[in-house]
Structures are given as structure tokens and as C-alpha cells.
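Enquirer: This is the structure I have questions about; it appears just below.
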Amino acid sequence: PPVFRRCAISLSLGLALVLVPTLPALGRGTIERVEIRGLEADGDEAIEQNVRLALTLNDDLGEVQGESRLEYLLLRAEKEARQALEPFGYYSPTITVDAPRGEGDRIVVTVHVDKGEPVTVRDAHIAILGPGGQDRYLQRDLEAFRPRPGEPFHHETYDANKDGITRRLAERGYFDADFMERRVRVTRAEKAADIELVWDSGFRYDMGPTTFHQDYFRPGLLDRLVHWEEGSYFHQGKLDRLRESLVKLDYF
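The sequence shown lines up with residues 9 to 260 when you count with our numbering.
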């Protein structure tokens, strides 16, 4: 039917528009260096470093590039710089790449970066279900979780707090703990991030029997170093204390 033909034509034209390159033919050239502009403010050093490390252009400095390869690198630079800003909460930057030629077809590539406004946390549902949800130490970790609503969504901060709670669950004996929800939804148009992070703690393990396998000391001597009762809650700190006591004997 005619309607299908019209849809096919529209789709074809849309694909054609996406694939047309935006850079003119460049010819052969040598990338002399890469400069990044717009991130000179205090506190942007880490962002600038991340952008610089993300650029494939740096792998080809000082080497003669053919026209196709050069065009590919410059087109890719914009995407790489954009992705390098996302871990810091900037999802809607404005980035332009200039590559004027100097003497001898040497090229200085300049990446201009306008970070724009950062994405902020709009809503955060962070919880631990099961017995671990009543553990006062884990409750403190939940209350201290960052980033909070209203704060920029910084990936490193989010990962550090998420991993910290996961480690705490293991340290306190919740060995069956696992995620029920682990999701961050970023809405670029609204510059908002919604965090959904829920653990199921499972049951807390107890300290079982402690047995020393050794042939040097008389039986029972090392039992004095065990500072917990069998059946008490597991805690990694108990094992750490035993390890320190054994090291101080200078036999281990």
C-alpha cells in the first residue's frame, strides 16, 4: 500500500542524513598535538585528564594520517570527549573540534568543551531488606550514602558508596547478600538522575568452630588467641584480631 512506500522513503532519507559526515575532506596530515579548552577552572583538572585519556587522537601523535583516518579520528574525538564527561555528571555538554593546518600539513587539534549543567540526583531509593536492614552499622551507611537528592550525580562517589555497603555486608557476616535493584536512570532533558539501589541481606552467619592445623605447638595453646565465642555473630574484625595476634608471635 502507498503508506508503506512513504514510510520506507522517509526512513531511507533519515538514515542518509545521519550518515553524511560533517567535516570537509581534510587530506593527509600529521597531528602535532591535542589541546583542550574550556576546562581551565579550578577543580576541572580531573575532568580534563579524563577527557585527554579518552581521546584516540593521542595514540597517533606525530604520525602521518591518511584522509579517511584523519577524518575518522576527528569525528570520534567529539564522541569520546562527551563520554569522558559523563562520569562527572555532565550529560549535555557542547563540544566542538577544530583542526587548523600549520606548516607542512601539521595539525594542532583543539577540543573546545562547554560542560553545561550537571545532572543532579532527583530521587534516591536506597535500602537493605532482610535482617541487615536492622543492623545499626549498615543503617549508618545508608544514611550517609552519597550522592543525595539535589547533589550532582558523580559516578565515582556513587560507586564508592555502593561498594562500601557491599563490603560492609560481607564484613558483618551477610555472605548471601545480593542486589534486588541496581539501577540509575538519567533523564538528559531534565538533567536528573534517579537512583534505585536495594540489597537483600540474607541471614547473618555465626562463628563456627575454630581449628588450628599445626604440628609445632602443643594442642590447645593457640586456642587462647581466639577472642570470640562459638555461635556469636561473624565479624571480619574478629579474624583480623586473631591474625594480628599470630603475627606478633613471630612464628607466622
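A virtual CB, placed ideally from N, CA and C, is assigned to each residue, including glycine.
1) Thinking C-alpha only, which one of 166, 152, 235, 109 is nearest residue 248?
2) Tell me which same chain residues have a C-beta within less than 7 Å of the C-beta of residue 88, skipping the five on either side of it?
3) Looking at residue 155: is its Cβ nearer than 8 Å to the Cβ of residue 165?
4) Once DSSP output is grouped into helix, strand and coil, what is the label at residue 32?
5) Which residue spans inside the stretch 139-200 form an unbroken alpha helix (DSSP H) run of at least 4?
6) For residue 240, which residues of its own chain have a beta-carbon under 6 Å away from its beta-carbon, when the five flanking residues on both sides are left out?
7) Between 78, 123, 137, 253, which has its C-alpha nearest residue 113's C-alpha?
8) DSSP three-state label for residue 127, please.
9) What's the call for residue 229, buried or exposed, on a 16-neighbour Cβ count within 10 Å?
10) Which of helix, strand or coil does DSSP assign to residue 88?
11) Between which residues of its own chain and residue 102 is the CB-CB distance below 7 Å, once the five residues before and five after are set aside?
12) Please determine, among 187, 53, 66, the residue with the shortest C-alpha to C-alpha distance to residue 38.
Expert: Looking at the coordinates:
1) Numbered from 1 along the sequence shown, position 240 holds the residue referred to as residue 248. Checking every option, the nearest Cα to that of residue 248 belongs to 235.
2) One-based indexing of the sequence shown puts residue 88 at position 80. The answer, listed in chain order, is 62, 63, 64.
3) Position 147 of the sequence shown, counted from the first residue, corresponds to residue 155. Position 157 of the sequence shown, counted from the first residue, corresponds to residue 165. Yes, Cβ-Cβ distance for residue 155 and residue 165 is below 8 Å.
4) Counted from its first residue, the sequence shown places residue 32 at position 24. Only weak support exists for where residue 32 lies, its pLDDT of 43 falling under 50; the coordinates are left without a value.
5) 144-151, 163-179
6) Along the sequence shown, one-based indexing puts residue 240 at 232. 215.
7) Taking the first residue of the sequence shown as 1, we reach residue 113 at position 105. The shortest Cα separation from residue 113 among 78, 123, 137, 253 belongs to 78.
8) To locate residue 127, count along the sequence shown from 1; it is residue 119. DSSP places residue 127 outside both helix and strand once states are collapsed to three, so it counts as coil.
9) Taking the first residue of the sequence shown as 1, we reach residue 229 at position 221. Counting Cβ neighbours within 10 Å, residue 229 comes out exposed, since fewer than 16 surround it.
10) By 1-based counting over the sequence shown, the position of residue 88 is 80. Three-state result, residue 88: helix.
11) Counted from its first residue, the sequence shown places residue 102 at position 94. Excluding positions up to five away in sequence, the list reads 122, 124.
12) The sequence position of residue 38 within the sequence shown is 30, counting from 1. Nearest C-alpha to residue 38: 66.
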